[in-house]
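Down below is the structure, laid out as C-alpha cells.
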Amino acid sequence: TVPLKNSQTGEEWLGIPPHPQISNPAVDFVLANRDYLGHRMKKTLGRLKLRAQSQFQKEEALQYRTLWKHFLLLEDHISAPFRQILLNAEAKIGPNFGNLDVKSYCGGELYERTASYLVLKSMVAHWEKKYADAQKLESIPDDDSYFLQQLYTGDPKRYLPDPPIIFRLDEVSRIVVMAQKMCQSFVETPELFDDLPPEVRFVESALGIKGGTALRQFMLEEFCPRNNVDPVSLREGLRRLYQQMFNMQIDPYGEITMTLWNLCVASAVGTDEARDPYEEYIGNVRGTKFETNPGFFQTYTFDHDKNSLVRFLDSAKRIEKGTAGSAEDIQRQVSGEVSQLLGFNFGGKPDNVEPAKETKRYVVPEDRAIGRPHMMGWLELLGEDEELMGGAKNEKEKEEKFEADEWVEVEK
C-alpha cells in the first residue's frame, strides 16, 4: 500500500493505487524480492481470492482481487523490458541461423549479450526436446494400437494437412546440431561470454553435471570460489532469472525455464531456501479442507443447460467394437445424441416437436461429481464487481446475445 489522497475532499489513506496506476514503492518492493515474487505468487493470490469467495466472504474476496490484479499489473510492468530485450536478440539471431561468426551479430552491451546467450540456450533446449520427441516417434510401431502414444508424443500440429512445423528426425537432427554449434561458439568467445552475470554462466556449467550432489559440490567448491560469488547470492540470481524467463512464451522458452527451476530446486537442497513458501497454498499438500489447507477452495457442479456440451458428454454412451450392437443401433444412438446437442435430427429430417422445458435439478454423474456439492453459486458472488471475469455492468448486459439472434428469414 502507498499513501493516497482524494483531491476533492483532501482525505488521505493507505491503499492500492487505482488500476492501471502503479507506484514506485510497489515496483521497488517487487524488484527487491523478485526471487520470490513471481508466477507462484500470482497463483497464490488467485487461490486466496477463490477461497474467500467459496466461503461467501465478499469483502475479503474483493480485497484479494484488487491485490491480485495490481500484482499482475506489476508483473507485466517489470517483465516488459526483459521480454523486449530478448525479442531484440531474437531479431538478430534468427536471420543469422547457421552463421558461426556469432561475434558479428551477438555483440553489444552486457544486457544485449546476456539476452543473446539466453536466446541461443533456449533454442538449443527447444530443439533438443524436439529431437528427443522425433527419436521416440521413430521407435513407436506404426500400428493403430499405438495411436494414442503417437498422439501425445511431440507436437500434434504435425497432423495438419500442411504441417507448419519441422518434426521429422533427419530435419530436426540437422537443426539441433547447428543450434548447439552456435551456442558453443558464443560460449567459447571470451569477449561475449566471460563477463556475463554469474547465474547465467553457472547455467552453462551446471547443465553438464549429472546428479544433485555433484551439482552442489561443483557450486560450492569450484564455481563460487572461482567467480568470487557466495552461494546465497548465486541461488538468488538463479531464482530471479527463473522468474523473468517464466514470463516469456512457452515456445521456445519453456524447456530452458523448467531447467532453471530444476537448478533452483537442486542447488537449494539442504539450505533454508529449500522451503517453498507457496507450496502449502498451491500444492494441495494438506488435504481438501478449509481448516487444514490454507489454499483450498470448494468447487461445485452446475445445472448445465439440457443442450449443453457437458450434458451431451455426460449422457453419451461408449461405442466400443463388438459391444455397440448393429449399425442401426449405432446410428440411432448417435442420432439421439446429436439431436440432443444440436437441436436437429440426424439425417436432416425436421423435428416439429417442441421439447418441454426442464425444471428438475440435473443429477451430475458420480464419477464427475466426486462428492462435490451442487450449485453453491459462489462464482457469482461478486456479480458486477467481478472485473476479471467480465461481469455484466447492468441488467441489459446480463443476457448473452449472439449475432444469430438478429437473423431473419429471407423470402424466396
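Under the numbering used here, the residues of the sequence shown are numbered 86 to 497, in order. Virtual Cβ for every residue (Gly too), placed ideally from N, Cα, C.
Any heavy atom of the ligand FMN closer than 7 Å to the beta-carbon of residue i?
i	result
residue 382	Inclusion of the ligand FMN in the displayed structure is not the case, the ligand content being empty and no account of it being possible.
Run through DSSP, which three-state label would residue i get?
i	result
residue 97	strand
residue 124	helix
residue 356	coil
residue 386	strand
residue 306	helix
residue 313	coil
residue 184	coil
residue 130	helix
residue 362	coil
residue 238	coil
residue 135	helix
residue 294	coil
residue 261	helix
residue 50	The question about residue 50 has no answer here: the residues shown for the chain are numbered 86 through 497.
residue 255	helix
residue 266	helix
residue 408	In this prediction, residue 408 has a pLDDT of 49, which is less than 50 and means its spatial position is unreliable; what the coordinates show is noted afterwards. It is coil, neither helix nor strand.
residue 301	helix
residue 228	coil
residue 446	coil
residue 233	helix
residue 467	coil
Following the continuous beta strand (DSSP E) through residue i, name the residue where it begins and the one where it ends.
i	result
residue 87	87-90
Check for me: the alpha helix (DSSP H) holding residue i runs from which residue to which?
i	result
residue 214	195-224
residue 162	143-178
residue 346	335-353
residue 370	Neither: residue 370 is in no alpha helix (DSSP H) and is coded neither H nor E.
residue 275	275-278
residue 191	Premise fails: residue 191 is in no alpha helix (DSSP H) and is neither H nor E.
residue 109	109-117
residue 400	394-400
residue 250	That residue, residue 250, is in no alpha helix (DSSP H); it is neither H nor E in DSSP.
residue 283	283-291
residue 329	316-331
residue 453	451-454
So who's on the other strand from residue i, going by DSSP bridges?
i	result
residue 377	According to DSSP, residue 377 bridges with nothing at all.
residue 459	386
Drop a sphere of 10 angstroms on the beta-carbon of residue i, count the other beta-carbons inside from all chains shown, and report buried for 16 or more, exposed for fewer.
i	result
residue 348	buried
residue 212	buried
residue 236	exposed
residue 244	exposed
residue 194	exposed
residue 334	exposed
residue 178	buried
residue 100	exposed
residue 341	buried
residue 214	buried
residue 70	Given a span of 86 to 497 for the chain in the structure shown, any question on residue 70 remains unanswerable.
residue 189	exposed
residue 172	exposed
residue 460	exposed
residue 139	buried
residue 124	exposed
residue 183	exposed
residue 233	exposed
residue 295	exposed
residue 317	exposed
Any Cβ of chain C within less than 8 Å of the Cβ of residue i?
i	result
residue 461	Looking at the structure shown, chain C is missing, and only one protein chain is on hand.
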